[in-house]
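Residue numbers (my numbering), protein chains in the order written: chain A, 1 to 476; chain B, 1 to 435.
So the structure is just underneath, and the comments pick up after that.
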């Protein structure tokens, strides 16, 4: 039952103190005719209503969540505590700089840490999520070429395995998108790349490890090809968890990078945000970063605006409380824990993959080692017994495991993309391996059962087609 | 170094063996050797106890005020404790975007309620499940309106500066932004009409505007309707409890900053961009949208819908690139609106109005020049003979966070239900010395 069905006229949860001043009557022509139809509910019923909703949801705190490309690692509670300190939650964004030295120190020092981890010369924390980071970074690239290129650079090259946000962000930034095919090793096809780069290339957007969880071995050659053509190299940081502290995008030849603090740096995803998508760049792009930036002069911190900046991408300075959580995470792990996390994320993914490969087909490089995630293709299984990636995903729900990412990347048919992250124990992975093997057995003995899953969830296989064709988007 | 990975030495050995690897480094065999970092130049890991202490010390360097008379886009409202108690539940906080409907009905239902409440508050047909901020909501709305032959976005003179900057960033390369001239900051219908050529995509104004004045939005909407130009309103959600709704004013799209709905000041974020439109615009609206349907057994079910608009399906043909948005902030707004309810939200709005008008009148009586910019909601502007900076400094010495400095002698003030008569009397006493 929705909250609107529990409402009763006259019920109240919160009372607002009446101000002890005279009532002021605004000009009636500005006032609305009817009251907004909002719930009227008692506090206890409000609490039970949303507690009920919580029981119909699952997060990392509840279940194993190997959702590929999303890095659903544990969200440490100390980070939440840090972000609840009154000195951070109760300060106004327009207070004098002298009033908010602690907040500016957080922004400055976190930026310094991220510079070091990415191998970049400068960082802006402002973008509100990964996709907005992509967009902002593309605007930097545009501004750079406008000032430096002899030819108009109107094209962004994107591999066919890229995240959907890459081409969408490039389009929003006004670019034409050139898709480049993958080679037989699932990396960028260098010959194809050479064919499409030219004096109209603005940049190549690349995820490394790729969305197949494989390291792009030719990264230096790719960097040479793009840079020789006068283009820039963009790093999609969605998969940074495989390499943080081990390898740096800046050393691979990338000029600009976006990060997802809600993936790599353990800030909770909140059911779809708030995230945070800082961008880092090399010196040549620094002056175009969003305004304002925090600078340190002596022992004091100030905001600084650059006239060459691309401007702003949202109100104030971005999702500040999220910065605190990521910063606390980095301070806790430190220079030892950051690379160790990456290595164990890679170990966990390989352990899971190696143990599933006798039943399921994995997408492998020649070395057979994946990075922090891997992709299974259920194409053969679908052909042979009719059980799809979707069926297997729904069976996992009954085993109390959040399904992996389905049907992505698009270049693998019947894809299931697993990213276990480093915070899961061997025992948890063993349970997941057994679950996947049990599902394999059931799929072969009783495929119908798999088509009907899940059996233990609150609902089963909602009709998405009708939802889109005849949309019901609010309660009436 | 606190341990967020549960691996023992034995675990690592066994797992490596299962992968036929000798060391963790073996797993990186595909990486060119010269790329490995020797050691990061950042501090060593610390215990959680040390980290807490470090952050408490940084937090203590910030000044927290009991009395806040500053708004300008970030508003200090009362947040009922029940809001945080519910929004901090781990099932909401640690979940991903609800791609798996069977595992996320609670989250999907709460978004559906959010969309309904936003629609009811604005009297619009369709709401999305949030965007990043009020500023980016306005920018996304402008992008929605721009067409091949209509590329000009006209914005009212007094909109929030960050919103104007964000609209400019987003429309760069797609259209042109024209800021209306105005004498007292409010939209002047005659001068607006002169700007309305065939290439105008939309007009954007804020209600109340940046200076707190209430715009005659209905007059603008009525005129735009006769010209087939889209009308985008950026509204304060608390003011919407009492002011004419975007629907009543003839808006096609309504957006705004959702922070007043239960989100603390937090040095500017995370906040919430809300966005709603008329039925006819729905397939052009960016962002996640939740819809109601039925499941395989005929039960009510909620899903992410109209995904053909989105990046993960349409890639370069998508309407926007939004993936993560501000879901937990949308949940916060939902629970805040439910906790305040129909009457409570009006009480907040009316308290804001009453206190602001008491404050303005007291200042006037004390000889301070309160600029007349027509009816206002909870913000207004004063001009003092002394330097505005000195006024704010004097207030600060008494523990009051004064208004927002606009220029040498003008200050933008804001009152909410969080201040009372006593606080305002004290502030007036101090400000009057600078009249």
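All residues carry an ideal CB built from backbone N, CA and C; glycine is no exception.
DSSP places residue 287 of chain B outside both helix and strand once states are collapsed to three, so it counts as coil. A residue is called buried when at least 16 other Cβ atoms come within 10 angstroms of its Cβ; residue 1 of chain A does not meet this threshold and is exposed.
Residue 292 of chain A and residue 103 of chain A have their C-alpha atoms roughly 14 Å apart. The alpha carbon of residue 92 of chain B has as its nearest neighbour, out of A:399, A:181, A:268, the alpha carbon of A:268. Excluding its 5 nearest sequence neighbours in each direction, residue 442 of chain A has C-beta neighbours in its own chain below 8 Å: 395, 449, 450, listed in chain order. Proximity of chain A to residue 206 of chain B at the Cβ level (cut-off 7 Å) is not reached, the minimal Cβ distance being about 13 Å.
If only uninterrupted alpha helix (DSSP H) runs of at least 4 residues are considered, those enclosed by the region 40 to 111 of chain A are 43 to 55, 77 to 82, 86 to 89. Of all C-beta pairs linking the region 373 to 382 of chain A to the region 407 to 424 of chain A, three or more are shorter than 8 Å, placing the two stretches in contact. Three or more beta-carbon pairs drawn from the region 226 to 246 of chain B and the region 205 to 212 of chain B are found closer than 8 Å, and the two stretches are therefore classed as touching. Following the DSSP letters along the chain, one finds residue 205 of chain A in no alpha helix (DSSP H) but inside the beta strand (DSSP E) bounded by residues 201 to 207.
For residue 276 of chain B, the three-state secondary structure derived from DSSP is strand.
Sequence-distant partners of residue 67 of chain A (beyond 5 residues in either direction) whose C-beta falls short of 7 Å from its own C-beta, in its chain, are 402, 404, 405, 419.
Taking the CA atoms as reference points, residue 424 of chain B sits about 34 Å from residue 181 of chain B. Using a 10 angstroms sphere on the CB of residue 49 of chain B, the tally of other CB atoms stays under 16, which defines it as exposed. DSSP, read as helix, strand or coil, puts residue 388 of chain A in coil. The straight-line gap separating the alpha-carbon atoms of residue 311 of chain A and residue 265 of chain B is approximately 23 Å. For residue 450 of chain A, not one C-beta of chain B is nearer than 9 Å to its own C-beta.
In this structure, the beta-carbon distance from residue 317 of chain A to residue 267 of chain B falls below 9 Å. The region 244 to 269 of chain A is shown to contain whole alpha helix (DSSP H) runs of 4 or more residues at 249 to 252, in chain order. The continuous stretches of beta strand (DSSP E) do not include residue 151 of chain B, and DSSP gives it neither H nor E. Neighbours of residue 70 of chain A in chain B, taken as residues at a C-beta separation under 7 Å, are given in chain order as 96. Residue 231 of chain B is bridged by DSSP to B:203. Residue-level contact by beta carbon fails for residue 388 of chain B and chain A, as no gap is shorter than 9 Å.
In the three-state scheme derived from DSSP, where H, G and I count as helix and E and B as strand, residue 404 of chain B is classed as strand.
By the Cβ-count criterion, residue 105 of chain B is buried, with 16 or more other Cβ atoms from all chains shown falling within 10 Å of its own Cβ. Burial is judged here by how many other beta carbons sit within 10 angstroms of a residue's own beta carbon; residue 363 of chain A has at least 16 and is buried. Looking from the CA of residue 193 of chain B, the closest CA among B:156, B:41, B:276, B:167 belongs to B:156.
Straight across, the Cα-Cα distance linking residue 30 of chain A with residue 246 of chain B is about 11 Å. Taking 9 Å as the CB threshold, residue 239 of chain A stays off the interface with chain B. In this structure the region 156 to 170 of chain B touches the region 128 to 145 of chain B; the number of beta carbon pairs closer than 8 Å is three or more. Taking a Cβ-Cβ cut-off of 8 Å, the neighbours of residue 51 of chain B in chain A comprise 78, 82, 328, 331, 332, given in sequence order. 417, 420, 421: these are the residues of the region 414 to 430 of chain B whose beta carbon lies less than 7 Å from some beta carbon of chain A, given in chain order. A residue is called buried once 16 or more other Cβ atoms fall within 10 Å of its Cβ, and residue 291 of chain B is buried on that count. Not a single C-beta of chain B is nearer than 9 Å to the C-beta of residue 258 of chain A. The three-state secondary structure of residue 303 of chain A, taken from DSSP, is strand. Between the beta-carbon of residue 126 of chain B and that of residue 286 of chain B there is about 12 Å, and that puts the pair past the 8 Å contact cut.
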